[in-house]
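Colleague: The following block contains the structure, expressed as structure tokens.
Number of protein chains: 2
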Amino acid sequence: MTTNSEDLQFAKRVSIEQVEEGHEFAPKFTEQGLMACVTTDAQTGEVLMLGYMNQDAIAKTLQTGEAHYWSRSRQRLWHKGATSGLIQKLVEMRVDDDQDAIWLRVTLQAGDQSDPASCHVGYRSCFYRKVNIETAQLEFTETEKTFDPEVVYGDAPNPTVL
Amino acid sequence: MTTNSEDLQFAKRVSIEQVEEGHEFAPKFTEQGLMACVTTDAQTGEVLMLGYMNQDAIAKTLQTGEAHYWSRSRQRLWHKGATSGLIQKLVEMRVDDDQDAIWLRVTLQAGDQSDPASCHVGYRSCFYRKVNIETAQLEFTETEKTFDPEVVYGDAPNPTVL
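Protein chains in written order, with the working numbering: chain A, 1 to 162; chain B, 163 to 324.
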């Protein structure tokens with residue numbers, strides 16, 4: 001296992017051919033040291049969330065087999081499910097053509113809840129609303145929450161920033 | 163139709179409840195005026211790409227029914243497929259809990275190619291490589307390109323930035 005945080009070394013980006021057609025993991029981070037990461041349910045293909053990872057989050061995810069992100073609102077490494085029990089088990093990590101985005105395929109865990117879920121608002125997916133194409137108003141695609149956020153998170157601060 | 167670029171007005175973000183539980187489309191853009199956008203194949207659920215949208219890209223996508231993005235490398239509005247013919251037909255637009263990310267479900271068009279595709283390198287999805295969990299090296303999940311980028315794009319500059 002070479003993916004311990006201390007050991008994980010990314011390749012230097014030297015050419016477009018290397019980045020797009022090669023076997024070296026040579027990710028491109030933003031000035032803040034982040035990459036966008038989309039996470040889907042490995043069984044259903046549903047998009048669960050869009051988060052951000054830094055080098056440590058990538059390493060910890062590979063090392064532990066559980067999704068880790070960088071929380072921009074809390075400015076710290078975020079082991080998804082550490083508070084709620086709603087862990088995301090890693091099935092596959094993909095990287096895109098120019099290696100500036102990650103796709104995680106995961107299996108959702110239910111923790112102490114009756115159903116697995118991913119979203120802090122209580123829905124299964126964070127993308128529980130669609131945009132009506134005619135009116136640009138939002139319509140709910142999930143009609144019931146899978147858990148009560150107040151029970152799961154208590155008085156922990158809401159991560160949504162206005 | 164209220165989604166013409168000129169007419170599309172987003173709601174002001176006034177409360178967490180409004181943003182997370184409401185019906186108003188009140189997106190949060192970065193300082194650069196962008197939102198991350200994940201695009202999936204509406205039939206297979208496959209993640210095709212991760213791009214960025216500004217207000218105009220959202221409006222044009224709703225108005226035309228074809229995916230538009232903001233190209234960060236070219237710093238301009240990008241009608242996906244305008245050069246290649248590989249248009250993405252909009253099936254559904256979703257927004258996440260805190261309204262800072264978009265999920266587009268699309269149907270891929272083939273243009274003049276034999277098969278539909280999305281990635282400028284020639285693969286169907288931009289995420290054509292997975293990260294080996296043990297070695298952190300990349301392995302190809304698509305073994306054949308669906309089109310020849312040189313034929314489709316000619317000498318147009320490659321959008322990948324090192």
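Every residue, glycine too, gets a C-beta built ideally from N, C-alpha and C.
1) Go to I16/A, then tell me how far its alpha helix (DSSP H) extends in each direction, as first and last residue.
2) Considering only residues of the same chain and omitting the five flanking positions on each side of R291/B, which have a CB-CB separation below 8 Å?
3) Using DSSP's beta-bridge definition, name the partner residues of A36/A.
4) I want to see whether chain A comes within less than 8 Å of T164/B, judged by CB atoms only; does it?
5) Do the CB positions of G247/B and D274/B come within less than 8 Å of each other?
6) Can you check whether the C-beta of A156/A is within less than 8 Å of a C-beta belonging to chain B?
7) Apply the 10 Å Cβ neighbour rule to T192/B and answer buried if 16 or more other Cβ atoms are within range, or exposed otherwise.
8) List, from N- to C-terminal side, the beta strand (DSSP E) runs of 3 residues or more that fit wholly inside the region 62–136 of chain A.
9) Suppose you measure from the CA of T160/A to the CA of A198/B; what does that come to, to the nearest Å?
10) I want to see whether chain B comes within less than 8 Å of Q137/A, judged by CB atoms only; does it?
11) Please confirm if K251/B has its CB atom under 8 Å from at least one CB of chain A.
12) A188/B to H241/B, Cα distance in whole Å?
13) Assuming V106/A contacts W265/B (C-beta within less than 8 Å), just tell me the rounded distance between them.
14) What residues match up with L170/B in a beta bridge as DSSP calls it?
Modeller: To lay it out plainly:
1) Counting along the chain, the alpha helix (DSSP H) containing I16/A begins and ends at I16 to E21.
2) If we look at R291/B and ignore the five residues flanking it on each side, its Cβ neighbours are L300, E301, F302 and T303.
3) Note: A36/A sits in a beta bridge opposite Y52/A and A101/A.
4) With a pLDDT of only 46 at T164/B, under 50, the local geometry of the prediction cannot be trusted, and the value read off the model is given with reservation. Yes, contact with chain A.
5) yes
6) no
7) exposed
8) 68–71, 76–79, 88–95, 101–108 and 129–131
9) 16 Å
10) yes
11) no
12) 23 Å
13) Actually they do not touch by this definition, with Cβ atoms about 16 Å apart.
14) Answer by DSSP bridge pairing: none, since L170/B is not bridged.
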